[in-house]
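Novice:
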Amino acid sequence: MLIDIGANLTHESFQEDLDQVLDRAQLAQVQYLLITGASLSSSSDALQLASSRDYLFSTAGIHPHHATECSSQALQEIKSLATNPKVRAIGETGLDYFRDFSPRDIQRNTFKAQLQLASE
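Structure below.
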């Protein structure tokens, strides 16, 4: 059984040929795809896409690159998205000290907050 657990299909580069990408995945016998949410908006988009097909699922989270977008309201919205049965994980989350698009202290706080959400 093949499962793609990191399908970034909400990225703009897939807008024009998303159906073909999904068809090719099925032809390659990928049985499930987990579409990653990397921001509040892409988490919502990932859930919307996951809801369109039985074999698609999604995550809801804020990637460290977008950690400066994290607020109590954003976390509540992520929590709300995560109540949908199509959402299988909190993420993308973590620390990215390679590119440092967000300050490290904000990344740590955002990561801790999402770990707390995941534990609920």
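Just so we're aligned, residue 44 is where the sequence shown starts under our numbering, counting upward by one. Backbone N, C-alpha and C define an ideal beta-carbon position, used for all residues, glycine too.
CA-CA distance, Ser114 and Leu61?
Specialist: 31 Å
Novice: Would you report the Cα separation of Ala117 and Tyr140, rounded to the nearest angstrom?
Specialist: 22 Å
Novice: Measuring CB atoms only, is the region 117–128 touching the region 137–151, in the sense that at least three cross pairs come out at less than 8 Å?
Specialist: Fewer than three pairs of CB atoms, one per stretch, sit closer than 8 Å, so the region 117–128 makes no contact with the region 137–151.
Novice: Would a check of beta-carbon distances place Ile121 closer than 8 Å to chain C?
Specialist: No chain C is present in this structure, which holds just one protein chain.
Novice: What are the start and end residues of the beta strand (DSSP E) that includes Gln72?
Specialist: Run containing Gln72: none; DSSP gives neither H nor E here.
Novice: Nearest to Gly80 by alpha carbon, out of Ala132, Asn152, Gly104, Asp97?
Specialist: Gly104
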